[in-house]
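Heads up, the sequence shown is in the UniProt record's numbering, so the first residue is 1 and it goes up one at a time. Here a beta-carbon is modelled for each residue, glycine too, at the ideal position from N, C-alpha and C. Predicted model, so just to flag it, every value in this text is computed and none were measured. All remarks here apply to the structure that follows.
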Amino acid sequence: MASLVLPLSTTTTTRLPSQPKPSHNFCTHATRHHRFKVSCNTTNSSGQNQKDNQNSEISQPKLERRNLLLGIGGLYGATTNFLVSDATPTALATPITSPDLSKCTTGTNLNTQQPIDENCCPPQSTQIIDYKLPRVDKMRFRPAAHLAGKEYFAKFEKAIALMKALPPDDPRNFMQQANVHCAYCNLTYPQTGDTKLKLQIHNCWHFYPWHRWYLYFYERILGKLIDDPTFGLPFWNWDNPDGMVMPQEFVRKESPLFNGRRNQQHLPPAATDLAYSAQSPTNPKKIIPNNLTIMYSEMVRNGSKLEDFYGAKYVTGTEPSPGPGSVERGSHIALHGWVGEATPSGMDMGNLYSTGRDPLFFSHHANVDRLWTIWRGLRESKPKDFPDFDWLNADFLFYDENARLVRVKVVDTLDNEKMGYIYQDVDLPWLKNRPTARVKKSKVAASSGAQPAETVFPVKLDKVVKVLVNRPKKSRSKKDKEKEEELLVIEGIEVDTATFVKFDVFVNDEDDKPDEFDKAEYAGCYSQVPHKNSMTVNTTIRLGLTELMEDLDAEDDEKILVSLVPKAGGEIITIGGVKIIYAS
1 MASLVLPLST TTTTRLPSQP KPSHNFCTHA TRHHRFKVSC NTTNSSGQNQ KDNQNSEISQ
61 PKLERRNLLL GIGGLYGATT NFLVSDATPT ALATPITSPD LSKCTTGTNL NTQQPIDENC
121 CPPQSTQIID YKLPRVDKMR FRPAAHLAGK EYFAKFEKAI ALMKALPPDD PRNFMQQANV
181 HCAYCNLTYP QTGDTKLKLQ IHNCWHFYPW HRWYLYFYER ILGKLIDDPT FGLPFWNWDN
241 PDGMVMPQEF VRKESPLFNG RRNQQHLPPA ATDLAYSAQS PTNPKKIIPN NLTIMYSEMV
301 RNGSKLEDFY GAKYVTGTEP SPGPGSVERG SHIALHGWVG EATPSGMDMG NLYSTGRDPL
361 FFSHHANVDR LWTIWRGLRE SKPKDFPDFD WLNADFLFYD ENARLVRVKV VDTLDNEKMG
421 YIYQDVDLPW LKNRPTARVK KSKVAASSGA QPAETVFPVK LDKVVKVLVN RPKKSRSKKD
481 KEKEEELLVI EGIEVDTATF VKFDVFVNDE DDKPDEFDKA EYAGCYSQVP HKNSMTVNTT
541 IRLGLTELME DLDAEDDEKI LVSLVPKAGG EIITIGGVKI IYAS
């Protein structure tokens with residue numbers, strides 16, 4: 001692929017020209033001031049409390065519906081400066097830093113040691129600019145795709161067509177933008193600071209911030225091409241039954257939004273399956289109730305602690321994929337696999353190296369980004385961000401709308417309004433969908449005949465595995481629960497990333513109906529889409545038990561029955577262990 005050397009000017013901030021109001025019923029924006037409390041206590045994956053700094057009383061929030069959707073109340077502005085300059089970093093702070101673009105490679109399959117035939121490397125540049133968020137004079141508005149209308153989609157299609165028409169070596173070109181995801185997510189860069197390891201921004205705490213920057217610049221490039229600084233990407237509202245069908249505008253063959261490498265069985269009017277696995281199809285009648293339970297589980301039950309929502313800590317010297325967060329390993333992966341063509345590779349959407357080639361990717365990830373904003377609003381006064389220097393100061397490289405290579409940091413992603421965009425307000429039906437138990441006070445743990453977990457692992461997940469897991473603490477008080485979250489840890493998940501895999505986890509489940517998730521017994525899942533540049537990873541997930549045990553009326557139980565149910569690729573999954581911890 002040819003390289004393009006771009007002469008770059010110094011950074012300037014330009015006031016965006018005033019634009020007429022859109023014809024849609026768009027939200028307006030007004031300045032608001034919110035006070036909030038910053039907690040600098042974190043918990044590692046073993047459940048041990050790590051105190052980085054004293055708690056600082058910055059304010060108290062008042063949660064309103066609109067503020068929840070706009071993500072107000074996050075760590076930003078003056079608080080950002082506080083966290084970076086005043087928080088005491090560890091002596092060996094080693095955040096992930098921008099890769100050296102000149103060391104990008106076509107890649108090697110780390111399992112076979114054979115080279116792969118894809119070149120995702122970006123054009124070179126003679127200069128890198130430290131990016132500063134421009135002043136926001138008018139908000140970009142991201143509409144729900146199913147509500148956006150013909151006028152909006154005509155504009156969106158024009159922008160994508162112009163992006164595809166750019167010269168092939170222009171970093172803003174459609175394929176070059178697709179390659180951004182391929183390069184960062186397909187092990188083509190060595191880690192800066194530890195070249196023995198590869199860089200991977202998935203399955204760790206950088207998943208949300210990196211993708212937020214990716215969409216941010218993609219959106220600004222599209223807006224510049226159609227001379228509309230208020231243009232915002234549409235989000236595919238797949239967490240709401242009204243938006244669970246693939247948007248029709250992406251299906252028309254004459255549209256620049258069309259992609260031929262999609263599963264033909266999943267075109268409209270098929271409802272998206274957030275528990276998708278090609279090897280274990282879901283009963284169509286169960287898809288929507290399953291979806292609502294899955295969303296509640298990912299956003300509420302399994303999102304109590306920062307690590308469980310964001311993903312595990314990832315710094316220089318960390319092996320790739322230390323642990324994905326709840327949405328990333330669940331509904332996010334399910335939609336990638338559900339859209340991609342029905343082949344082992346899953347291209348385009350169902351494979352990490354090719355997924356950015358489908359315009360639907362960006363609407364899918366706009367919804368993932370929106371869920372991050374919503375989750376932050378749901379937190380109210382609870383910590384919303386890691387105070388770690390290693391997270392806040394991690395940086396990445398992107399080309400902006402002016403084809404300048406810029407360096408950006410995680411710390412600047414913590415408030416979508418500061419970045420200049422908001423989302424359309426739509427209903428959140430899953431928030432009112434706390435699942436109920438099929439059987440309360442179940443005695444299945446005692447009668448199952450399952451072996452203690454410590455005697456079973458490690459084990460290959462080529463069949464359903466049921467184990468008894470001890471609960472070190474039971475009959476906890478309300479105060480104890482507020483202080484510590486009870487978590488089910490599934491560790492030593494060893495798997496080849498070349499293949500789609502998925503397994504589900506149930507607690508005290510008497511039904512043994514693997515395609516039914518609309519019940520309190522469902523604890524969560526692990527899944528991945530294929531990576532062309534693959535390796536064997538060893539990863540961990542954590543699933544929230546505090547609310548689940550309440551719903552099962554099993555808080556006094558000394559043991560629980562944990563069922564690991566393989567849905568795809570179980571023959572290549574090894575589980576190292578299962579245990580319960582308590583994280584403050």
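query	result
Arg252, buried or exposed, once every other Cβ within 10 Å from all chains shown has been counted against 16	exposed
Of the listed residues Asn508, Pro268 and Ser297, nearest to Trp338 (C-alpha basis)	Pro268
Length of the line joining the Cα atoms of Ile333 and Ser277	10 Å
Beta-bridge pairing of Gly524 - partner residues as DSSP gives them	Val505
Cys40 (DSSP reduced to helix, strand or coil)	Note on Cys40: pLDDT 36, under 50, position unreliable in the model; the coordinate value appears next. Coil.
Inter-stretch contact (C-beta, 8 Å, three-pair minimum) for the segment 368-382 and the segment 415-432	yes
Straight-line gap, Leu561 to Ser326 (C-alpha atoms, nearest Å)	21 Å
6 Å CB neighbourhood of Ala498 in its chain, flanking five on each side removed	Pro530 and Ser534
6 Å CB neighbourhood of Arg357 in its chain, flanking five on each side removed	Ala178 and Asp348
Glu298 Cβ short of 7 Å to the ligand NAP heavy atom set	In the structure on display, the ligand NAP does not appear, and there are no ligands present to speak of.
Cβ distance (whole Å) where Gly311 is taken to contact Pro324 below 8 Å	5 Å
C-beta atoms of Ala394 and Pro99 nearer than 8 Å	no
Coil, strand or helix - Gly149 by DSSP	coil
Where Asp412 falls, given that 16 or more other Cβ within 10 Å makes a residue buried	buried
Beta-carbon proximity of Gly223 to Thr97, cut-off 8 Å	no
Contact between the segment 471-478 and the segment 446-458 (3+ Cβ pairs under 8 Å)	no
C-alpha distance - Val578 paired with Lys164, whole-angstrom precision	48 Å
Rounded Cβ spacing between Asn538 and Gly492 (contact assumed at less than 8 Å)	6 Å
Limits of the unbroken alpha helix (DSSP H) element including Leu199	Premise fails: Leu199 is in no alpha helix (DSSP H) and is neither H nor E.
Buried or exposed by the 16-neighbour rule on C-beta atoms within 10 Å, applied to Thr188	buried
At least 3 beta-carbon pairs within less than 8 Å: the segment 399-415 vs the segment 503-523	no
Beta-bridge partners of Tyr423, as assigned by DSSP	Arg142
Lys466 - partner residues in DSSP beta bridges	Ser563
Sub-8 Å separation of Ala159 and Ile226 beta-carbons	yes
Within 8 Å, strictly: CB atoms of Gln265 and Ala342	yes
Contacting residues, own chain, Cβ-Cβ under 8 Å from Val565 (five flanking each side not counted)	Val464, Phe503, Asp504, Val505, Phe506 and Pro514
Span separating the alpha-carbon of Ile201 from that of Ala183	10 Å
Residue from Lys532, Asn470, Glu550 and Leu552 whose Cα sits closest to the Cα of Glu558	Asn470
Neighbourhood of Gly346 by C-beta distance below 7 Å, restricted to the same chain and skipping five residues each side	Gly337, Gly340, Phe500, Val529 and Pro530
For Arg379: DSSP bridge partner residues	DSSP lists no partner for Arg379.
Three-way DSSP call (helix, strand, coil) for Ala437 in this model	coil
DSSP beta-bridge partners of Ala271	Val245
Extent of the continuous beta strand (DSSP E) run through Lys408	First, the amino acid is wrong: residue 408 is Val here, not Lys. Segment Leu405 to Lys409, the beta strand (DSSP E) holding Val408.
4 or more residues per run - each alpha helix (DSSP H) lying fully within the segment 178-235	207-225
Given Ala154 as reference, the closest of Phe250, Ser331 and Asp509 once Cα atoms are compared	Phe250
Where the beta strand (DSSP E) containing Leu543 begins and where it ends	Thr536 to Gly544
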